[in-house]
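Asker:
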Amino acid sequence: MIKRIISISVLLFAALSSFGQPRLRPDNIEEVIKAMTDEELASLLVGAKESRFEFFEGTAAGVRSIPRLGIPATISCDGPAGLHFYPFRDNSDKTFYCTAFPVGTLTASSWDPELMEAMTGAMGNEVLEYGVDMFLGPGMNIHRNPLCGRNFEYFSEDPLLSGKMAAAYVRGIQGNGVIATVKHFAANNQETNRTENDARIGRRALREIYLKNFEIVVREARPGALMASYNKVNGEYVQQSHDLLTTVLRDEWGYEGVVLTDHGAKEGTVAAAKAGCDLMQPGNEDELERMLSAARSGALTRAELERNARRVLRYIVSTPRFKGYKFSDSPDLEAHARTARKVAGESIVLLKNDGGTLPLKGEEKLAVYGVGSEDFVAVGIGSGHVVTKHVASIRESLTAAGFTLDQPLADYYKDYVRMDYSTKRLAGIMDWLSYESWGYGKKVAEPDVPLNLLPEQAAQNDAAIIVLSRDAGEGNDRDLLDDFELSARERRLLRMVADEFHAKGKKVVVILNIGGVIETASWKNLADAIVLPWQPGQEGAYAVADVLTGKVNPSGKLTMTFPVDALDHPSSANFPSFPQVGEALGGLKKNTDYTEYAEGIWVGYRHFSTRGVPVSYPFGYGLSYTSFGYSKPVVKASADGFTASVTVTNTGTVAGKEVVEVYVSAPSGGMEKPVRELKAFGKTRLLSPGESQTLSFSVPAYDLASFNEALSAWEAAAGTYEVQFASSVEDIRASGTFQIRKPLSWGVNNVL
Ligand code: GLC
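Numbering (numbering that gives the first Met the number 0), first residue to last: 0 to 751.
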């Protein structure tokens, strides 16, 4: 009886206290803000743990509820290659598996924004139907150096390609009515000491390389959320940088969404709120206390509190949860798996195909080597890992494609992987947090496969397939030895298999199942064909089989340079994976406490092509089973920049798609510029042999500008610009010119 009286009085109190109070609607945010106390405003700016688990395990964070004003809790989950969810729940015997889509580097390799948008349309549906409001993807930091551990989540070394693909990614996600979060703004280009590292970057490189892709995605796709990175830029934590979060992001680019921290807490909670960081995530009691006391003391003014809370409330009213969407908990995982396979197939890069080795024709019996043939890596590790019900193996997909695999060899790898998993399970590392859900320790090391049967295998099989796989991810950068470079075991395997099979006139195909660039120059001569699926998601092995059989004609192109040597990247002189010389300056450790971006704008092909440094495979490179001809282009100056068109013809014997890369060489003189920079790109539809398609481009002059640090302005010089239509950054097929009659300039704030 007592309990009943208490619960009735609590309900009565709640009803009375909300009596006459506005309840949040999309059109009364100002009224609600006025009705909020300073403490309520402050509490809204710190994530609430209870909302994180209020719904289900696996959510990353949540925004606090304020029931008396009709403000519901809302939740976020990771990405970016699919929803990062735990598939089991205490209160349910249903499973909640998610689709592991291809990773960012692979989907960007399609150079097809429409394909990207279709993929994230499916991904965003999973976010919606599993009841999540904010999706923590895309990851889109520039590939500054091949050894950054999280490159697999990111798109490219080039800011235009990265920005355009990110914009397509965001459109697909947000087309489902959920919120995409572009991350990690900005210059989170290494994992070593990522929460404290100070990225010291010149203003031109910052604007032209590390901010430019975020500028493109903000202007073109209007993401609802942006995650400030952990690191500092030029001495200031990004999450506390008014220059970055307000002056550049909002005042210059017109960003209207919410800004949240990456997940962790720093002392400068109030400084972050003042700078324009709206939401501390995941949020803890200390941060809440700091925010509340700042509200009470006036260290955070009411205007600042209202400004940030307004952006959080605008986010909340845009969420499915606020709108009362009844999510099904049953997304169409089979349809999404088909999408994942199609996207992977359209993105895989063919690096080598001597003598028409591929597609395999008539080679019915295959000897498949490499632990990756069984332990195929679908997605890298960390918050970007996806727990999916099944990751297809190369053994499985080649068998399904009708090939007969050398069974003793297949059994060897199968048993080895099973033994490895059972050892790990017995060792107790198979707990969710470190293993299944984050993928740490999931990768099986390459065994010393017994090669005594190699002569027999070479005699009995028609071709050899060697899978080289790598795993890496959040929290650690990669190593030079046994990671970027092949291990001794891998090199031995490659050499011996090539010797035996070539001696019998049989082909060797290498599959690179990797999350980041590896060394290829020293061994690629041993392979007749090299296929690069990167980490292609749960159905990626089937996509590889589709390419090997010719069911799919590969059309992917590299989004990052494959150097001859990792040290050829100028950034390697200032990257933690490389042995450094010189003492720590003033007690600070180079490339750990601070990293000098001494290379400036000379990142990737901008360096290699301008300075003529040989590479193993250039930016934008990728082969096809057919060939393409380019017409004489039409290039014209427009009222703002230039327009261009070029006709591509399939001059080969099978249907295929061609990516046309449009580079611009600026007039000589003035600021030093790369020999050419990517300014547009397009992909043909599937062209039958002899069929043509005309691709048209329109590029505004602003996109041609370089950043003049002294004047804090973007400048496009007057003069003759050469427009190059290319199949890679080193394979210019056609070109034309246009004039800019008078120098153009766009001033920005003198900040950073
Ligand atoms: C991690 C990652 C970020 C992720 C977040 C939530 O530290 O840096 O990408 O979205 O925390 O897991």
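Just so you know, even glycine gets a beta-carbon here, dropped at the ideal spot from N, CA and C.
Keep in mind it's a predicted model, so treat the numbers as computed, not measured.
Beta strand (DSSP E) containing A366: first to last residue?
Answerer: The residue you call residue 366 lines up with position 367 of the sequence shown. Element bounds for A366: 364-368.
Asker: With three or more C-beta pairs closer than 8 Å as the rule, is the segment 528-537 touching the segment 139-148?
Answerer: As far as the Cβ criterion goes, the segment 139-148 does not touch the segment 528-537, which means the pair count is below three.
Asker: Looking only at DSSP bridge pairs, what is F680 linked to?
Answerer: Looking up residue 680 in the sequence shown gives position 681. Beta-bridge pairing links F680 to E660.
Asker: Enumerate in chain order the residues of its own chain whose CB-to-CB distance from E53 is below 8 Å, with the five nearest sequence positions on each side excluded.
Answerer: If you number the sequence shown from 1, residue 53 lands on position 54. The predicted model places E53 with a pLDDT of 48, which falls under 50 and marks its position as unreliable; any figure quoted below should be read in that light. Here the set comprises G61, A72, I74.
Asker: May I have all residues whose beta carbon comes closer than 5 Å to any heavy atom of the ligand GLC, sorted in chain order?
Answerer: Qualifying residues, in the order they occur: A59, D77, L135, D261, H262, S382.
Asker: Check each candidate in E284, E255, R249 and name the one with the smallest Cα separation from E266.
Answerer: The count along the sequence shown starts at 1 and reaches residue 266 at position 267. Closest by alpha carbon: E284.
Asker: Should G297 be labelled buried (16 or more other beta-carbon atoms within 10 Å of its own) or exposed?
Answerer: Position 298 of the sequence shown, counted from the start, is the residue given in the question as residue 297. Classification of G297: exposed, given that the 10 Å Cβ count is below 16.
Asker: With a cut-off of 8 Å on the beta carbons, I'd call S109 and S346 a contact; round off their distance for me.
Answerer: The residue you call residue 109 lines up with position 110 of the sequence shown. The residue you call residue 346 lines up with position 347 of the sequence shown. About 4 Å separates the two Cβ atoms, so the contact holds.
Asker: Across the segment 110-124 and the segment 662-675, are there enough close Cβ pairs to call them in contact, namely three or more that are closer than 8 Å?
Answerer: Judged by Cβ distances under 8 Å, the segment 110-124 makes no contact with the segment 662-675, as fewer than three pairs qualify.
Asker: State the DSSP-derived secondary structure class of H183, mapped to helix, strand or coil.
Answerer: Taking the first residue of the sequence shown as 1, we reach residue 183 at position 184. Strand, per DSSP.
Asker: Short of 7 Å in beta carbon distance, which residues of its chain neighbour F154, apart from the five on each side in sequence? Order them along the chain.
Answerer: Position 155 of the sequence shown holds residue 154. Result list for F154: G103, T104, A107, M139, L160, S161, M164, A165, T558, in chain order.
Asker: Which residues in the same chain have their Cβ closer than 6 Å to the Cβ of V509, if we skip the five residues on either side of it in sequence?
Answerer: If you number the sequence shown from 1, residue 509 lands on position 510. Closer than 6 Å at the Cβ level, and outside the excluded window around V509, lie I465, A526, I529.
Asker: By how many angstroms is the C-alpha of Y541 removed from the C-alpha of R417?
Answerer: Indexing the sequence shown from 1 puts residue 417 at position 418. Indexing the sequence shown from 1 puts residue 541 at position 542. One C-alpha to the other measures close to 21 Å.
Asker: If we ignore side chains and look at the alpha-carbon of each, how far apart do S576 and T642 end up?
Answerer: Along the sequence shown, read from residue 1 onward, the residue named residue 576 stands at position 577. Along the sequence shown, read from residue 1 onward, the residue named residue 642 stands at position 643. Going by the C-alpha atoms only, they are around 43 Å apart.
Asker: At what residue ranges does the segment 182-265 contain a whole run of the beta strand (DSSP E), taking only runs of 3 or more?
Answerer: With a minimum length of 3 residues, the continuous beta strand (DSSP E) runs that stay inside the segment 182-265 are 197-199, 224-227, 257-260.
Asker: As a quick exercise: from L291, H568, L23, pick the residue whose alpha carbon is nearest that of V612.
Answerer: Residue numbering aside, residue 612 sits at position 613 when the sequence shown is read from its first letter. When each option's Cα is compared against that of V612, the closest is H568.
Asker: Mind the definition here: the segment 224-231 touches the segment 251-270 only if three or more C-beta pairs lie below 8 Å; say whether that holds.
Answerer: In short, these stretches touch, since the Cβ pair count reaches three.
Asker: Have a look at F500 and E455 and give me their C-alpha separation to the nearest angstrom.
Answerer: Within the sequence shown, the letter at position 501 stands for residue 500. Within the sequence shown, the letter at position 456 stands for residue 455. Between F500 and E455, the C-alpha separation is close to 10 Å.
Asker: Mind checking whether A712 and I739 have CB atoms under 7 Å apart?
Answerer: Walking along the sequence shown from the start, residue 712 turns up at place 713. Walking along the sequence shown from the start, residue 739 turns up at place 740. No, they are not a contact pair.
Asker: Should the segment 462-482 be regarded as contacting the segment 368-377, the criterion being three or more beta carbon pairs within less than 8 Å?
Answerer: Yes, they touch.
Asker: Leaving aside the five residues before and after S64 along the sequence, list all residues of the same chain whose C-beta is less than 7 Å from its C-beta, in chain order.
Answerer: On the sequence shown, position 65 is the one that residue 64 refers to. Answer for S64: S50, I70, P71, A72, listed in chain order.
Asker: Using only the alpha-carbon positions, how far apart do L359 and L686 sit?
Answerer: One-based indexing of the sequence shown puts residue 359 at position 360. One-based indexing of the sequence shown puts residue 686 at position 687. Distance between the alpha carbons of L359 and L686 is about 22 Å.
Asker: Going along the chain, which residues of its own chain have a beta-carbon closer than 7 Å to the beta-carbon of Y439, five neighbours each way excluded?
Answerer: On the sequence shown, position 440 is the one that residue 439 refers to. Counting only Cβ-Cβ distances below 7 Å, and skipping sequence neighbours, we find I380, S433.
Asker: In the DSSP assignment, find the beta strand (DSSP E) that holds F641 and state where it starts and stops.
Answerer: Looking up residue 641 in the sequence shown gives position 642. Counting along the chain, the beta strand (DSSP E) containing F641 begins and ends at 640-649.
Asker: Measure the alpha-carbon distance for D242 versus A224 and round it to whole angstroms.
Answerer: Position 243 of the sequence shown holds residue 242. Position 225 of the sequence shown holds residue 224. C-alpha separation (whole angstroms): 18 Å.
Asker: Should N90 go down as buried or exposed, given a rule of 16 or more other Cβ atoms within 10 Å for buried?
Answerer: Locating residue 90 in the sequence shown gives position 91, counting from the first residue. Exposed is the call here.
Asker: Taking the DSSP output, what are the residues bridged to Q738?
Answerer: Counting from 1 along the sequence shown, the entry for residue 738 is found at position 739. Partner(s): T719.
Asker: Cα separation between R491 and T94?
Answerer: One-based indexing of the sequence shown puts residue 491 at position 492. One-based indexing of the sequence shown puts residue 94 at position 95. Straight-line Cα distance between these residues: approximately 43 Å.
Asker: Please state whether DSSP places F483 in a helix, a strand or coil.
Answerer: Locating residue 483 in the sequence shown gives position 484, where the first residue counts as 1. In the structure shown, F483 sits in a helix (DSSP, three-state: H, G or I).
Asker: Can you give me the Cβ contacts of G655 inside the same chain, cut-off strictly under 8 Å, excluding the 5 residues immediately before and after it?
Answerer: As a position in the sequence shown, residue 655 is number 656, starting the count at 1. N552, S554, S623, Y624, T625, F627, N649, L685, L686, listed in sequence order.
Asker: So, for A754: in the same chain, excluding its five sequence neighbours on each side, which residues have a beta-carbon less than 7 Å away from its beta-carbon?
Answerer: Beyond the ends of the chain as shown, which are 0 and 751, falls residue 754; an answer cannot be given.
Asker: Could you check what DSSP says for I28 in three-state terms: helix, strand or coil?
Answerer: Mapped onto the sequence shown, residue 28 falls at position 29. It is helical.
Asker: Could you tell me which of L40, Y593, S396 sits nearest to E190, measuring between CA atoms?
Answerer: Numbered from its first residue, the sequence shown carries residue 190 at position 191. It is Y593.
Asker: Can you give the Cα-Cα distance for L453 and E156, rounded to whole angstroms?
Answerer: Here residue 453 corresponds to residue number 454 of the sequence shown, with the count starting at 1. Here residue 156 corresponds to residue number 157 of the sequence shown, with the count starting at 1. So the alpha carbons of these two residues sit roughly 40 Å apart.
Asker: Have a look at V131, R203, E195 and flag the residue whose alpha-carbon is nearest the alpha-carbon of N175.
Answerer: Along the sequence shown, one-based indexing puts residue 175 at 176. Ranking the options by Cα distance to N175, first place goes to V131.
Asker: Skipping 5 residues on each side, what residues in its chain have a beta carbon closer than 6 Å to that of G78?
Answerer: Your numbering for residue 78 matches position 79 in the sequence shown. F134, L135, G136.
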